[in-house]
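Engineer:
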Amino acid sequence: MTRISMRSTLRAVLAPLALTTLVLGALPAQAEWLGGGTVHSPQGCERYGWPTGPEMVRVRVRNGADQGERNSHITIAFMVGGINTYRIPNALNATAWFRAATARSVWDRMYWLGGNPRVRVVDWRANDTRSGQGGNSRYGEFLIRNFNGEVGCTVTLTAVLRNAAAN
Amino acid sequence: MFTTVTERPEPRGTARGRAAAATLAACVATATAHPTLAATEFFGGGYMYAWSDGCATIGWTGTHQILARWAPQGTPENAWNTSHITLLLPTGTISFGFDTSQQRREFQPLPTTPSYIWNDVWTPTNPRMQIVIGEGPNPWVDQTEMVFGLTHFSESDSCEMRVVLTMSKL
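Residue numbers (this note's numbering), protein chains in the order written: chain Y, 1 to 167; chain S, 1001 to 1170.
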């Protein structure tokens, strides 16, 4: 009985999902990476009161290299609601240096995040290689300085993601 | 066109951060006060996707963003032979126990009955879902990755899902 209810719930979400797939299908392959992970290892964030430890997050990433765009985008959706989105120049290749980011957040409304946000791509590579899905999977690690508009607060974002255009 | 952040209107960023921080701090306090919190617990997220064609027949296609909690076996105050994981999907929640001590690259039955929570808790009387973990996840580090397969996903006849997670120690 419950099983049927569960499936009908799934059917209810299938229509919007199908629409999403159609829209995504019109974009180049690997236009979007979809997954989750944690924002963790906060440093210098104590005086803001958050984050104090790891936070579960859903993550979307667009790599500029995938669609010939100049910028890459990292969007973090927190479990309690609220989003941070960071735009950084160039493709998501790992570098030893930080890149100046343009950051916005949405809580009760959209805010531009000041305080000189900077992002360093520590790692961006295939991770699900044992499943033969290396091309469709990514492990991403990012250091975010002046996170969430909090000057002096640095966090690490670690996420695993899959090519949204893959079936 | 990319412009430097110094040109951005910035007045509310930090204020917003404080407001959000207060709200979030309250949530964190509530979470850590949970009475059954395991002494060793990880949480994080990742994705799951349909590995076999049979998943489409029960309505599972494409990639799903998920969050997860994991209480690894053999760690302080957790069972020695059963790990527990809860997969928080956008539409519902699945929770089950599994055993990583065998480290076999073949599917093994779940030691506890899985619970599926959508509009009700469903605990199947003859559970069929099985798990395969090729490489046991390491519970002795602060940040860990986990990849596993679930056959008979959602107690189905032929759907195998693949789950990929990264998690932080709480």
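No residue lacks a Cβ here, since even glycine has one placed at the ideal position from N, Cα and C.
So what's Y:Ala-65 in DSSP terms, helix, strand or just coil?
Structural biologist: Y:Ala-65: helix per DSSP, three-state reduction.
Engineer: Determine the chain S residues that contact Y:Pro-54 at a beta-carbon separation under 7 Å, and present them in chain order.
Structural biologist: Phe-1043, Ser-1168, Leu-1170
Engineer: If we define contact as Cβ-Cβ less than 7 Å, is Y:Gly-81 a contact residue for chain S?
Structural biologist: Taking 7 Å as the threshold, the shortest C-beta distance from Y:Gly-81 to chain S does not fall below it.
Engineer: Under 7 Å between beta-carbons, which chain S residues line up against Y:His-73? List them in chain order, please.
Structural biologist: Going along chain S, no residue has its Cβ under 7 Å from Y:His-73, so there is no contact; the nearest lies around 12 Å.
Engineer: To test your reading of the DSSP string, which unbroken beta strand (DSSP E) runs of 3 or more residues are found completely within the region 1036 to 1087 of chain S?
Structural biologist: 1042 to 1050, 1063 to 1071, all fully within the region 1036 to 1087 of chain S.
Engineer: Measuring alpha carbon to alpha carbon, tell me which residue in Y:Pro-117, Y:Gly-36, Y:Val-80, Y:Asn-167 is nearest Y:Gly-135.
Structural biologist: Y:Asn-167
Engineer: Do the region 127 to 134 of chain Y and the region 105 to 117 of chain Y meet, that is, are 3 or more Cβ pairs less than 8 Å apart?
Structural biologist: no
Engineer: Spell out whether any CB of chain S is found under 7 Å from the CB atom of Y:Leu-27.
Structural biologist: Low local confidence applies: a pLDDT of 48 at Y:Leu-27 is under 50, so the model's placement there is unreliable, with the coordinate-based value given in what follows. Y:Leu-27 does not count as touching chain S.
Engineer: Could you check if S:Pro-1072 is buried or exposed, using at least 16 other CB atoms within 10 Å of its CB as the buried criterion?
Structural biologist: buried
Engineer: Beta carbon of Y:Cys-153, beta carbon of Y:Gly-44: below 7 Å?
Structural biologist: yes
Engineer: Should S:Thr-1166 be labelled buried (16 or more other beta-carbon atoms within 10 Å of its own) or exposed?
Structural biologist: buried
Engineer: Measure the Cβ-Cβ separation of Y:Ala-31 and Y:Asp-66 and say whether it is below 7 Å.
Structural biologist: yes
Engineer: Anyone know if the C-beta pair for S:Leu-1150 and S:Glu-1041 falls short of 7 Å?
Structural biologist: no
Engineer: Here's the rule I'm using: 16 or more other beta-carbon atoms within 10 Å means buried, otherwise exposed. How should S:Asn-1126 be labelled?
Structural biologist: exposed
Engineer: Go ahead and label S:Trp-1140 buried or exposed: buried means 16 or more other beta carbons lie within 10 angstroms of its beta carbon, across all protein chains shown.
Structural biologist: exposed
Engineer: With distances taken between CB atoms, is the gap from Y:Leu-92 to Y:Asn-63 smaller than 7 Å?
Structural biologist: yes
Engineer: Quick one: Cα of Y:Thr-102 to Cα of Y:Val-151, how far?
Structural biologist: 14 Å
Engineer: With 7 Å as the threshold, decide whether the Cβ of S:Val-1164 is near any Cβ in chain Y.
Structural biologist: yes
Engineer: Mind checking Y:Ala-94: buried by the 16 CB within 10 Å criterion, or exposed?
Structural biologist: exposed
Engineer: Using a C-beta cutoff of 7 Å, does S:Gln-1065 count as contacting chain Y?
Structural biologist: At least one CB atom of chain Y sits nearer than 7 Å to the CB of S:Gln-1065.
Engineer: In the structure shown, what three-state DSSP assignment does S:Phe-1153 receive?
Structural biologist: helix
Engineer: Would you verify that the beta carbon of S:Met-1161 is, or is not, closer than 7 Å to some beta carbon of chain Y?
Structural biologist: Not closer than 7 Å to any Cβ of chain Y, the Cβ of S:Met-1161 fails to qualify, so no.
Engineer: Could you check where the beta strand (DSSP E) with S:Ile-1133 kicks off and where it finishes?
Structural biologist: Unbroken run through S:Ile-1133: none, as it is neither H nor E.
Engineer: Quick one: give me the first and last residue of the beta strand (DSSP E) that Y:Glu-141 is part of.
Structural biologist: 137 to 145
Engineer: Give the interface partners of S:Gly-1134 over in chain Y, defined as CB-CB distance under 9 Å, in chain order.
Structural biologist: Arg-130
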